[in-house]
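Protein chains in written order, with this note's numbering: chain A, -10 to 160; chain B, 112 to 511.
Rendered as structure tokens:
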């Protein structure tokens, strides 16, 4: 099986972007700065990583990492059957990074999901709206500072007045 | 005369709400369709009706507890989800599992695949008006669910795997029971194909409907039978073998046109190949243990020992107490598996405690469904059930 271009080469090609290269459980992980994601992924796409399997995010609040949020991209090369994880780190104050929807259409819904659950903004995304939660939902549920049981949701529900309760109140 | 008909046929653009409770959506999906006459000009799918926060929930459950949640994702083939999650956890932790465990897992995955595909083909058929094919498949699926019940104790919420092994070994006489069902599957899948393949109505309703090109399939992240129907030669069982799939001899079904008909044909062929894998798995089933050593802290000791010996009871508490038991390494692992719908991946990030820091499911349904609006545009409204059926959306997995 032919080898895709080694990771050290990527480090030379994008010296500003790459923070670190690690390996865990036979998986190679490329850690980069969030603002360079589009250039790095389009470079990797021409290298042969033609399939974007998954986009997700990790809130590094208690885990530790380069920055508060990491967006993980799981790439796959159909030619060499190699996989690569790219983790793009973004700042807590400005959780935004360029959208990769122009490279893979699958990023459309997946970025919407990350936006919905983590509140990460993908710049130049064609239609960045919530996908899982309702549009008026308050908060980003998969962030670590969001409580598991939610907060204040019940109070936001509109009360349906059927007339019976109204009568009781007036009495 | 002609002017009158023209006037009568002239219609305004109409917005139709398809779902969320439409019978042919098989789950709660909503599609806003803009229609001109009966032609769909634009379709906007809306999902999230079944969003249950499984990923958030996973951050509070330990590895073995989360396996019960994976049942509820793809409820048509829960065993594939169980196996996929167990594989991801094992890769993260670095546990070796016995050969027998892996062979049983392969057997269970392939039985699930047969049940899933039979139901999918049946549903597609019943949506297009072919009731008989649906009943054939559904009855057989019942027999396969009986097999699951024999091995796991339940039909749907199987929770069969543990990190490092299985809950229990397959019962005695299981092989014969499986072979009996497999023989029936072979006959019934032939019957279904005899009913449908050359049926004029079936061909008209499915051929050249919802064509996905090879480039689109890759761009939209489509995997599994849908991608293979578009001619992408990619099967994770073959290209990135897990669970000793490389020891089995089977072929990968590839379609050429990428339409609904090809997706149906690919699924039917996969049923046949799964039968082959199941038979090989039973033939080559090695002896051995399927329960991981409880000393590692990942599985509960046998109930006999727990109730009758003090050591067993201590072990039991060591595993279940919140501050004891599992100590996975700090790190992350992504494991892709070939589920009946496509690439089902679990991505686990661990911070070294007994509960994962983040559990992500890569749901094949979500990516496969994202191409729907592109497929339906320009087709008739009556093609929507055909395309939806061929995508095989499982809402539990789509929304998690």
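Cβ atoms here follow ideal geometry from the backbone N, Cα and C, with glycine treated the same way.
Residue-chain proximity (residue i, chain A), Cβ-Cβ < 8 angstroms
i                      : result
residue 112 of chain B : Unreliable positioning characterises residue 112 of chain B in this predicted model, as indicated by a pLDDT of 46, which lies under 50. A coordinate reading is not provided.
residue 427 of chain B : no
residue 184 of chain B : no
residue 98 of chain B  : Absent from the model: residue 98 of chain B. The displayed extent of chain B is 112 to 511, so no value can be given.
residue 205 of chain B : yes
residue 364 of chain B : no
residue 232 of chain B : no
residue 325 of chain B : no
residue 460 of chain B : yes
residue 97 of chain B  : Residue numbering for chain B in the displayed model covers 112 to 511; residue 97 of chain B lies beyond these limits and cannot be assessed.
Beta strand (DSSP E) segment containing residue i, residue limits
i                     : result
residue 75 of chain A : 71 to 79
residue 17 of chain A : 16 to 22
residue 7 of chain A  : 7 to 13
residue 61 of chain A : 58 to 66
Per DSSP, the bridge partner or partners of residue i
i                      : result
residue 561 of chain B : Shown here, chain B extends from 112 to 511; a query on residue 561 of chain B therefore has no answer.
residue 112 of chain A : A:87
residue 66 of chain B  : Since the first and last residues shown for chain B are 112 and 511, residue 66 of chain B lies out of range.
residue 450 of chain B : B:453
residue 150 of chain B : B:147 and B:491
residue 472 of chain B : B:457
residue 125 of chain B : B:146
residue 45 of chain A  : A:61
residue 445 of chain B : B:458
residue 272 of chain B : B:277
residue 40 of chain A  : A:65
Spatially closest choice to residue i from the options, by CA coordinates
i                      : options                       : result
residue 409 of chain B : B:392, B:437, B:390 and B:396 : B:437
residue 454 of chain B : B:412, B:284 and B:192        : B:192
residue 154 of chain B : B:470, B:500, B:371 and B:483 : B:483
residue 49 of chain A  : B:441, B:371, B:420 and B:339 : B:441
residue 341 of chain B : B:208, B:319, B:460 and B:362 : B:319
residue 135 of chain A : B:239, B:397 and B:166        : B:166
residue 471 of chain B : B:464, B:460 and B:465        : B:460
residue 84 of chain A  : A:46, A:97 and A:31           : A:46
residue 378 of chain B : B:304, B:330 and B:432        : B:304
residue 41 of chain A  : A:99, A:14, A:9 and A:121     : A:99
residue 356 of chain B : B:220, B:499 and B:407        : B:220
residue 311 of chain B : B:159, B:394 and B:239        : B:239
residue 435 of chain B : B:417, B:443 and B:411        : B:411
residue 365 of chain B : B:354, B:381, B:292 and B:158 : B:381
Limits of the unbroken alpha helix (DSSP H) element including residue i
i                      : result
residue 494 of chain B : 494 to 502
residue 174 of chain B : 174 to 182
residue 210 of chain B : 210 to 238
residue 478 of chain B : 475 to 480
residue 419 of chain B : 414 to 419
residue -2 of chain A  : -4 to 2
residue 258 of chain B : 242 to 263
residue 394 of chain B : 371 to 394
residue 337 of chain B : 336 to 340
residue 98 of chain A  : 96 to 107
residue 507 of chain B : 506 to 510
residue 189 of chain B : 189 to 204
residue 169 of chain B : 165 to 169
Cβ of residue i within 8 angstroms of any chain B Cβ
i                      : result
residue 131 of chain A : yes
residue 36 of chain A  : no
residue 94 of chain A  : yes
residue 77 of chain A  : no
residue 159 of chain A : At residue 159 of chain A the pLDDT is 47, less than 50, meaning the model places this residue with poor confidence; the figure from the coordinates comes in the next sentence. False, the Cβ-Cβ gap to chain B never drops below 8 angstroms.
residue 16 of chain A  : yes
residue -10 of chain A : At residue -10 of chain A the pLDDT is 39, less than 50, meaning the model places this residue with poor confidence; the figure from the coordinates comes in the next sentence. For residue -10 of chain A, the answer is no, since every Cβ of chain B falls outside 8 angstroms of its Cβ.
residue 41 of chain A  : yes
residue 74 of chain A  : yes
residue 1 of chain A   : no
residue 52 of chain A  : yes
residue 63 of chain A  : yes
residue 111 of chain A : no
Residue i Cβ short of 7 angstroms to the ligand FMN heavy atom set
i                     : result
residue 25 of chain A : No copy of the ligand FMN occurs in the structure displayed, which carries no ligand at all.
The segment 194 to 203 of chain B / the segment 161 to 180 of chain B touching (three or more Cβ pairs under 8 angstroms): These segments touch.
Inter-stretch contact at 8 angstroms, needing at least 3 Cβ pairs: the segment 494 to 506 of chain B / the segment 473 to 484 of chain B: The answer is yes - the segment 473 to 484 of chain B touches the segment 494 to 506 of chain B, with three or more Cβ pairs under 8 angstroms.
Stretch pair the segment 8 to 27 of chain A + the segment 75 to 90 of chain A: three plus CB contacts closer than 8 angstroms: Counting C-beta pairs closer than 8 angstroms gives three or more between the segment 8 to 27 of chain A and the segment 75 to 90 of chain A, which meets the contact rule.
The segment 472 to 496 of chain B: positions lying closer than 7 angstroms to chain C by Cβ: The structure shown contains no chain C; its protein chains are A and B.
The segment 372 to 379 of chain B in contact with the segment 322 to 342 of chain B per 3-pair CB rule at 8 angstroms: With a cut-off of 8 angstroms, the segment 322 to 342 of chain B and the segment 372 to 379 of chain B count as touching, because enough Cβ pairs lie within range.
Touching by the beta-carbon criterion (3+ pairs, under 8 angstroms), the segment 108 to 115 of chain A and the segment 82 to 96 of chain A: Counting C-beta pairs closer than 8 angstroms gives three or more between the segment 108 to 115 of chain A and the segment 82 to 96 of chain A, which meets the contact rule.
Cβ contact check for the segment 352 to 369 of chain B and the segment 236 to 245 of chain B: 3 or more pairs under 8 angstroms: Touching, no.
The segment 484 to 497 of chain B in contact with the segment 342 to 350 of chain B per 3-pair CB rule at 8 angstroms: By the Cβ test, the segment 484 to 497 of chain B is not in contact with the segment 342 to 350 of chain B, since fewer than three Cβ pairs between them sit closer than 8 angstroms.
Touching by the beta-carbon criterion (3+ pairs, under 8 angstroms), the segment 294 to 305 of chain B and the segment 245 to 258 of chain B: Flag = yes, the segment 294 to 305 of chain B and the segment 245 to 258 of chain B touch.
Touch test, the segment 204 to 224 of chain B against the segment 397 to 404 of chain B, Cβ-Cβ under 8 angstroms, three pairs minimum: Between the segment 204 to 224 of chain B and the segment 397 to 404 of chain B there are three or more inter-stretch CB-CB distances shorter than 8 angstroms, so the stretches are counted as touching.
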